[in-house]
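Participant: Below you'll find the structure I mean.
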Amino acid sequence: MHIHFMKLAIEQANLSIPVPSGYCVGAVLVQETHPDPDSDLPQLDRFKVVATGYSRELPGNTHAEECCLIKLAAAAEEEAEKELDAGLVADGEEEEEDEVHGVENEGRRSGPTTGMAGIRRLSMTGGGGGGGGPSHAHHHQQEHHAAISALRRRRSSVKLRQEWIMYSTMEPCSTRLSGHRACADLLVESGVRRVYVGVREPDHFVKTVVGVEKMVERGIEVVHIPGFEELCLAPNQHVLSQQ
Ligand SMILES: [Zn+2]
């Protein structure tokens, strides 16, 4: 079972585009839907993947674990917006995303800049080669960067349920040279119960790697799944071969 999800995380890691300044990591967030160990259900049916992520999947030098949390935050907001819309838009009028609605919509997070739809659009226009001409593409690019920054600020408010488990090909980071919050801290804040890792973070970028220690100290159970070290490190040869 754990092997199944670790393999999924490795698939994610291999989607990551290598850059000299970062590892390629994959992560899968799983919910235990039937925690009863005596359940007759096959083991795999008791778990559900709620989010996946890989290094730099979302713009802004994002990490795999972080992408899982950002996507969850986006999905939760989209859900909340839908509920709000259901309550507010009684006449079925489609809302627009311009200043006309400025005042009453000010507190809302609607529009093209947040939510899964925005993120999906971003992935599609990722190469900047989309239709609409360069300035159009550029505008969208900026919009999406703003969306990710906004979600980044709110992502730490994502509370995971106790039965949620993170699988990561590499130990969640304890320090980020970019200055963003470390994944170990994000996971502690999110309330995840257990984290499975394929390999510890090599000391290429950060010499004192304490992601595991940080999480264990704060009550997260961290489990190393042995046997996947080679597969987890394989997408990182661009970094490790420099040593
Ligand atoms: Zn990280």
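So the sequence shown is numbered by this note's numbering: it starts at 65 and just counts up by one.
In this text, a Cβ means the ideal position worked out from N, Cα and C, and glycines have one as well.
Predicted, not measured: the structure shown is a model, and the values here were computed from it.
(1) What first and last residue would you give for the alpha helix (DSSP H) that runs through H302?
(2) Can you tell me which of the three DSSP states E129 falls into?
(3) So, are the CB atoms of C296 and T239 less than 8 Å apart?
(4) I need the boundaries of the beta strand (DSSP E) containing V94, first residue and last residue.
(5) If you run the structure through DSSP and keep just helix, strand and coil, what is V252?
(6) Considering only heavy atoms of ligand 1 and the C-beta of each residue, which residues fall inside 5 Å, strictly closer?
(7) Use the C-beta contact count for H302: other C-beta atoms within 10 angstroms, 16 or more gives buried, fewer gives exposed.
(8) Tell me the DSSP secondary structure of I229 in three-state form.
(9) Taking 8 Å as the threshold (C-beta atoms), are I74 and G90 in contact?
(10) Per DSSP, Y118 is paired with what?
(11) Classify R120 as buried or exposed, calling it buried when 16 or more other Cβ atoms lie within 10 Å of its own Cβ.
(12) Is it true that the CB of F111 sits closer than 8 Å to the CB of Q95?
(13) Hey, how far is the Cα of H127 from the Cα of T116?
(14) Just to confirm before moving on: does the CB-CB distance between H312 and I289 stay below 8 Å?
(15) Where does the unbroken alpha helix (DSSP H) through E285 begin, and where does it stop?
(16) How many angstroms separate the CA atom of R264 from the CA atom of C237?
(17) Do the CB positions of E235 and R258 come within less than 8 Å of each other?
(18) Would S80 be called buried (16 or more neighbouring beta carbons within 10 Å of its own) or exposed?
(19) Count the other CB atoms, across all protein chains shown, that sit within 10 Å of the CB of H204; report buried if there are 16 or more and exposed otherwise.
(20) If you run the structure through DSSP and keep just helix, strand and coil, what is G291?
(21) Buried or exposed for D249, going by 16 or more other Cβ atoms inside 10 Å?
(22) Hey, could you find the ends of the alpha helix (DSSP H) V270 is sitting in?
(23) Since P266 contacts L304 with CB under 8 Å, what's their CB separation in whole angstroms?
Facilitator: Concretely, from the data shown:
(1) Against the sequence shown, residue 302 aligns to sequence position 238. First-last of the alpha helix (DSSP H) with H302: 301-304.
(2) As a first step, residue 129 is located in the sequence shown; it is residue number 65 there, counting from the start. DSSP places E129 in helix when its eight states are reduced to three.
(3) By one-based count along the sequence shown, residue 296 stands at place 232. By one-based count along the sequence shown, residue 239 stands at place 175. No, these two residues do not count as a Cβ contact at 8 Å.
(4) Along the sequence shown, one-based indexing puts residue 94 at 30. From DSSP, the beta strand (DSSP E) with V94 extends over 90-96.
(5) Against the sequence shown, residue 252 aligns to sequence position 188. Looking at V252 - three-state DSSP - the assignment turns out to be helix.
(6) H127, C237, C247
(7) Walking along the sequence shown from the start, residue 302 turns up at place 238. With fewer than 16 Cβ atoms within 10 Å of its Cβ, H302 is classed as exposed.
(8) As a working note, residue 229 is residue 165 in the sequence shown. In the structure shown, I229 sits in a strand (DSSP, three-state: E or B).
(9) Looking up residue 90 in the sequence shown gives position 26. Looking up residue 74 in the sequence shown gives position 10. Against a cut-off of 8 Å, the Cβ pair of I74 and G90 comes out as a contact.
(10) On the sequence shown, residue 118 is found 54 positions in, with the first residue counted as 1. Per DSSP, G90.
(11) By 1-based counting over the sequence shown, the position of residue 120 is 56. That one is buried.
(12) Counting from 1 along the sequence shown, the entry for residue 95 is found at position 31. Counting from 1 along the sequence shown, the entry for residue 111 is found at position 47. For Q95 and F111, yes; Cβs fall inside 8 Å.
(13) Position 63 of the sequence shown, counted from the first residue, corresponds to residue 127. Position 52 of the sequence shown, counted from the first residue, corresponds to residue 116. Approximately 11 Å between the Cα atoms of the pair.
(14) With the chain covering 65 to 307 only, the question about residue 312 has no answer from this structure.
(15) As a first step, residue 285 is located in the sequence shown; it is residue number 221 there, counting from the start. Counting along the chain, E285 falls outside any alpha helix (DSSP H), though it belongs to the beta strand (DSSP E) covering 285-288.
(16) Here residue 264 corresponds to residue number 200 of the sequence shown, with the count starting at 1. Here residue 237 corresponds to residue number 173 of the sequence shown, with the count starting at 1. R264 and C237: Cα-Cα distance of roughly 9 Å.
(17) Residue mapping note: residue 235 aligns to position 171 of the sequence shown, counting from 1. Residue mapping note: residue 258 aligns to position 194 of the sequence shown, counting from 1. Contact flag unset, no.
(18) Your numbering for residue 80 matches position 16 in the sequence shown. With 16 or more other Cβ atoms within 10 Å, it is buried.
(19) As a working mapping, residue 204 is identified with position 140 in the sequence shown. Counting Cβ neighbours within 10 Å, H204 comes out buried, since at least 16 surround it.
(20) Here residue 291 is taken as the residue at index 227 of the sequence shown, counted from 1. G291 falls in the coil class under three-state DSSP.
(21) Here residue 249 refers to the residue found at position 185 when the sequence shown is read from its first residue. Buried is the call here.
(22) Start at 1 with the first residue of the sequence shown, and residue 270 comes out as number 206. Segment: none, V270 is in no alpha helix (DSSP H) and carries neither H nor E.
(23) By one-based count along the sequence shown, residue 266 stands at place 202. By one-based count along the sequence shown, residue 304 stands at place 240. That pair is a contact at about 6 Å.
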